[in-house]
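Notes for the one structure printed next.
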Amino acid sequence: MSKKSQVNLSKIVLEEIVRMIAPPKKMTISQWADENRMLSDEASAEKGKWNTDRAPYQREMMDSISDVRTEKTVIMCGIQLGKTEFLLNMLGYFIDIEPSPMMYVMPQLDLCKDFAKTRVMSMVRDTPCLTNKISDSSKRDGKNNTLMKMFPGGWLKIAGANSEASLRSAPLRVILMDEVDAYPPSAGTGGDPSQLADGRTSNFWNRKVVMVSSPLVKGESRIEFEYEESTQEEWHHKCISCGEYVAITIDLFNPNNYTLTCPYCGSVHTEYEWKREKGKWIAKYPERRTRGFHLTSFSSPWVPWDRLADEYVKAKKKEELMRVFVNTRLGLPYEKAKEEQLDYEVIKDRRETYEAQVPDDVLVLTAGVDTQDNRLECEIVGWGVGEESWGIEYKVFYGDPGQKAVWDQLDDYLQTTFRFKDGSGIRVSCTCIDSGGHYTSDVYDFTKVREHRRIYAIKGKGGVGIPLIYHQTYTKRNKAVLFILGVDDGKEMLQSRLKLENIGGVNDGYCHFPMGEEGEYIRGYTEDYFKGLTSEVQVEEMTKRGKKIYWEKKSTSIRNESLDVRNYAQAAIKIFNPNFELLKKQGVTGTKYEQKIIKKKRRVLSKGL
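Per the UniProt record's numbering, the very first residue in the sequence shown carries number 1; after that it's consecutive.
See the structure below:
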């Protein structure tokens, strides 16, 4: 090697050593994002270089994390505010500038792989300063896998709040917790998952904990509790008339003309006028150490006010929609009205005479099945636009569920063609069968070979905050599909629907039940059915660990199978998830809808071949 080459090589080596031992560049997370972050095609509607000024409220939220004085940041917000992207900015900053052991916690372990592949690795791929720091998990270099990403100076673990095993880890400096109100009450037997994750950072003097979520129920919300203990900062928009800063509330909004009234001077301005001025965060308790931010979707550059107005007007007609609007648009916990016990006679007395076995407004049929020691109980429910429902038939099959005969009866019944007034028919599109009790294996054997007919095994999971369709998994023995249902959420949904009034026309969520001539009970909808349907009530109880909310029977003498079965049929329509508006427009019922999907898939496959 020539002397000149040796000098050049020495220079390169020296520069690399200097680069490696140099202190991290001083910059905030928003500065890092503006300088380095690239938004990926498949993960963002606005691909290209990141610009914090596109949604200026994000700057202070991100920069609070890079402030040495802040250990914890809490963000209670609506949706479509870019929260996932600014959480990814935090990840990118710590990978690049302050490498540390980190964990990103999602509500369910099932969501983690998709998030890792489509969001984390697409950011790494398209952001040059990160690309060479984390290798693709498909490369067999032993440094990382899908949920564990190694990089110089640290590592990132992506964990599910429902899995105690995935939350186990060595000490962590940085924890990012996404949608904490959707976390289960306990990670296995380990306790509250947010507390478990938080505890992993106790060894670091410079720890960083970030909690982000849309809130759910007032008094039960994790994010609400954390926000209440924080600085309680709200994003304020400047009034162009008086110069005062205003926090947007729904009381100031006029959904008829999409304007907002200034509470200080009474001026009325449009969305453009409110958003064109520079906003700012104002803290209620600036002296507190935990930074807390509350933000509504009204401040989002991606959600126009006319859309929010339409959603608000619809939400005022129905409590279930209002709860969603308050949680996801206003970013506030929903305060439930005091529960009134449902009277079975009120529900029974509103039965009606159908013109046929299946009313014309029914577009899809589902079934729910409960397994008892000496019988199977099944209900067929019809569904229309807005998940308006019609009880079609409630049937009991007596026999030992450990024997084939009773399952053959159920199998034949689930293939029944139910008739409309014009003689056309419709069959069940999706069925949920409870696998709890003494005949779990029999249920799995029955459903496994019928999954092509959307006949699925389910298992109920109690607890506040667990969504009706919690997650899908597979049984160990025969790999049958198994849906875990948040049955308490389903009961609450059903109870709110049973309280709705019949207003005629499209009745979102309203429940119809059949009646024979002169008020006689027909198709299994007996007085005992209605007693069972209203047999449970939600109870609140104070324990040493705080408020406990659960469902219990009003009386031990009342059977509750009809409540469980209707809940399973309700879950089945959520699993099937049809496009009701399209079905109605095209005049296609559930069975024909399935056939149409199958034909479409066959055409696609044939073209591919």
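Ideal placement from N, C-alpha and C gives every residue a C-beta, glycine not left out. Please read these numbers as outputs of a predicted model, since none were measured by experiment.
In the structure shown, LYS83 falls within a helical segment according to DSSP collapsed to helix, strand and coil. ARG329 counts as buried, since no fewer than 16 other beta carbons sit within 10 angstroms of its beta carbon.
Linking GLY516 to THR371 through their CA atoms gives a straight-line distance of about 28 Å.
Taken through DSSP and simplified to helix, strand or coil, SER166 comes out as helix. Here TRP383 is not near PRO359, since their CB atoms are 8 Å or more apart.
The beta-carbon distance between SER64 and ARG291, rounded to whole angstroms, is 4 Å. This is short enough to meet the 8 Å contact definition.
Non-local C-beta neighbours of PRO286 in its own chain, meaning closer than 7 Å and more than five positions away in sequence, comprise THR231, ordered along the chain. Going by DSSP, SER389 is part of the beta strand (DSSP E) stretching over 389–398. Taken atom to atom, the span from the alpha-carbon of LYS275 to that of SER299 is near 8 Å. Burial check for ILE503: the Cβ neighbour count within 10 Å stays below 16, so the residue is exposed. Beta bridge pairing from DSSP links TYR227 with no other residue. With fewer than 16 neighbouring CB atoms inside 10 Å of its own CB, TRP205 falls in the exposed class. Taking CYS129 as the centre and dropping the five residues before and after it, the same chain places the C-beta of ASN36 and ASP96 closer than 7 Å to its C-beta, in chain order. Taking the Cα positions, LEU482 is about 5 Å away from THR473. Assignment of TRP302 by DSSP, reduced to helix, strand and coil, places it in the coil class.
Taking a C-beta distance under 8 Å as the contact criterion, PRO107 and ALA55 do not qualify as a contact pair. Boundaries of the beta strand (DSSP E) harbouring THR270: 268–270, taken from the DSSP string.
For GLN58, the enclosing alpha helix (DSSP H) stretches over residues 57–66. Contact between the segment 523–532 and the segment 449–460 is absent, with fewer than three C-beta pairs closer than 8 Å.
By the CB criterion at 8 Å, LEU167 and GLY465 fall outside the cutoff.
In the DSSP assignment, no residue is bridged to GLN409. When the five nearest sequence neighbours on each side are left out, the beta carbons in the same chain lying within less than 6 Å of the beta carbon of PRO101 are those of GLY154, TRP155, LEU172 and ARG173, in order along the chain. DSSP places TRP32 in no beta strand (DSSP E) but in the uninterrupted alpha helix (DSSP H) bounded by 29–36. GLU273 sits in a helix when the DSSP states are folded into three classes.
ALA367 has its alpha-carbon roughly 14 Å from the corresponding atom of ASN577. Nearest in C-alpha terms to PHE293, of all of ALA309, LYS238 and GLU234, is GLU234. Exclusion of the five residues before and after VAL212 leaves ILE75, LYS83 and ASP178 as the residues of its chain whose Cβ lies within less than 6 Å of its Cβ. Between the segment 299–316 and the segment 185–200 there are fewer than three inter-stretch CB-CB distances shorter than 8 Å, so the stretches are not counted as touching.
Bounds of the beta strand (DSSP E) holding ILE433 are 428–434. In the three-state reduction of the DSSP assignment, ASN145 falls in the strand class, which pools E and B. For ASP370, there is no enclosing alpha helix (DSSP H); the residue is found in the beta strand (DSSP E) stretching over 364–372.
Rounded to whole angstroms, the separation of the alpha carbons of LYS318 and TYR439 is 39 Å. Residue state for MET211 is assigned as strand, using DSSP reduced to three classes. Between the alpha carbons of GLN58 and ALA247 lies a distance of about 16 Å. Where THR73 is concerned, the enclosing beta strand (DSSP E) starts and stops at 72–77. Residue environment: ASN560 is assigned as buried (16 or more neighbouring CB atoms within 10 Å of its CB, all protein chains considered).
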